[in-house]
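Residues 1 to 395 in full-length UniProt numbering are what the sequence shown spells out, letter by letter. Please read the structure below before turning to the comments.
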Amino acid sequence: MAELPVAETPGDLALCSGRFTISTLRGADEPPSPAVYDSSHPSHLTHGSTLYMRTFGYNTIDVVPAYDHYANSALPGEPRKMRPTLADLHSFLKQEGSHLHTLAFDSRPNHELADGLMEDEAGTNHEKNPGEPVRFGWVKGVMIRCMLNIWGVILYLRLPWITAQAGIVLTWVIILLSVMVTSITGLSISAISTNGKVKSGGTYFLISRSLGPELGGSIGLIFAFANAVGVAMHTVGFAETVRDLLQEHDTPIVDPINDIRIVGVITVTVLLGISLAGMEWESKAQVLFFLVIMVSFANYLVGTLIPPSEDKASKGFFSYHGDIFVQNLVPSWRGVDGSFFGMFSIFFPSATGILAGANISGDLKDPAVAIPKGTLMAIFWTTVSYLAISATIGE
1 MAELPVAETP
11 GDLALCSGRF
21 TISTLRGADE
31 PPSPAVYDSS
41 HPSHLTHGST
51 LYMRTFGYNT
61 IDVVPAYDHY
71 ANSALPGEPR
81 KMRPTLADLH
91 SFLKQEGSHL
101 HTLAFDSRPN
111 HELADGLMED
121 EAGTNHEKNP
131 GEPVRFGWVK
141 GVMIRCMLNI
151 WGVILYLRLP
161 WITAQAGIVL
171 TWVIILLSVM
181 VTSITGLSIS
191 AISTNGKVKS
201 GGTYFLISRS
211 LGPELGGSIG
221 LIFAFANAVG
231 VAMHTVGFAE
241 TVRDLLQEHD
251 TPIVDPINDI
261 RIVGVITVTV
271 LLGISLAGME
281 WESKAQVLFF
291 LVIMVSFANY
301 LVGTLIPPSE
311 DKASKGFFSY
321 HGDIFVQNLV
331 PSWRGVDGSF
341 FGMFSIFFPS
351 ATGILAGANI
361 SGDLKDPAVA
371 IPKGTLMAIF
381 WTTVSYLAIS
391 ATIGE
């Protein structure tokens, strides 16, 4: 370890005032003078690079203060010397040991050393640690993830049926009531995520920090089972659609019931493989699924503008007609489940899924910004899509 220059102690200790005595420092080319110890005044004892002194009744060992940090910090006609800030020193101490040892005994002036520290810190910020996990922003990490969890089989298989039963007006009321409930939940999650630092743990961490670990654990357990049931519901809906397509083209696998089981097991296995591949592959799959849904929306909207054929007209597709739109404004209940609350209970699961972004709080770059912004934007755009699709279906 390099030895720091030692200040010479005046002969008369009575002239010393204060805790430290500062005198002229020896130059770099001068030979070091031997340390002097006065036993009658045990106030200054030089030992290597430290000073031993009796201060306030306690024995302390302090590093010799750097004289250049305190004297002549602003000379006339010269630029003011810049001292490293606490943030610079904290980041500086996180450097590698060899690099730290080199800069600690650098003979450059303080302002050059501070500039070097800032340059080193800027250089290390751009270098990505190979073992560091992937961090997501508010679009890819929260908004797209929440929109994919909100959109589901109910949008494709049950929203047209709900519109036919309840009419356009009551369908909009059902959608807005469901969105109001999820918006309040989203605002609550946003308030919790912006109140302090958000760590990994997802919904359990957010709830346990506000309501305690007991409620956080119980609600987190229920939420995990709800996600499992949601996966089963979406898988069965997808398998039924594939089964119908197979029957339409007269290519069944076994029989209608077992076809649903076979397609469902294959689908869940593929999804499990994507999840086990890691967050990076899972995020890429999310983007792919999002693009597929966007293509389906574009296909639907373009299809509403194409004049219907005889086959489509026989199935009830007549493109846009004003008289049909007026008739579909009012409800037309059919069947035992034809009621407002029956339709509301069927549609409400399609408004959930807003916690998908908060569940990966540990994988977000800035959870305090990403969770509120991404969640609320996902609620807004999915609500617009529900209202637009229900209105175009009724026309």
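Positions of the beta carbon are idealized from the N, C-alpha and C atoms, including for glycine.
| Item | Value |
| --- | --- |
| Could you check which residue in D311, A224, G212 and L148 has the C-alpha nearest to that of W381? | L148 |
| I'd like the list of long-range same chain contacts for V170, defined as Cβ closer than 8 Å, with 5 residues on each side in sequence excluded. | First, the amino acid is wrong: residue 170 is Leu here, not Val. P331, F340 and M343, listed in sequence order. |
| For I266 and I150, what's the separation of their Cα atoms in angstroms? | 23 Å |
| Between the C-alpha atoms of V254 and L245, what's the straight-line distance to the nearest angstrom? | 14 Å |
| Please state whether the Cβ-Cβ distance between V263 and V242 is less than 8 Å. | yes |
| Count the other CB atoms, across all protein chains shown, that sit within 10 Å of the CB of S193; report buried if there are 16 or more and exposed otherwise. | buried |
| Let me check understanding here. Comparing Cα to Cα, which of R145, V139 and G278 lies closest to Q286? | R145 |
| What does DSSP give as the partner residues of residue 398 in its beta bridges? | In the structure as shown, the chain begins at 1 and stops at 395. Residue 398 is therefore absent and cannot be evaluated. |
| Considering only residues of the same chain and omitting the five flanking positions on each side of P252, which have a CB-CB separation below 7 Å? | L246 and D259 |
| For T269, count neighbouring Cβ atoms within 10 angstroms of its own Cβ and tell me buried if that reaches 16, exposed if not. | exposed |
| Helix, strand or coil, according to DSSP, for F317 in the structure here? | coil |
| Kindly list the residues whose CB is nearer than 7 Å to the CB of S210, restricted to its own chain and excluding five residues on each side of it in sequence; keep chain order. | I192 |
| In the structure shown, what three-state DSSP assignment does H234 receive? | helix |
| Cα separation between S275 and G196? | 30 Å |
| For N299, count neighbouring Cβ atoms within 10 angstroms of its own Cβ and tell me buried if that reaches 16, exposed if not. | exposed |
| Work out the CA separation of G212 and T304 for me, nearest whole Å. | 51 Å |
| For the candidate residues S283, I168, L157 and A166, whose alpha-carbon lies nearest to that of A356? | S283 |
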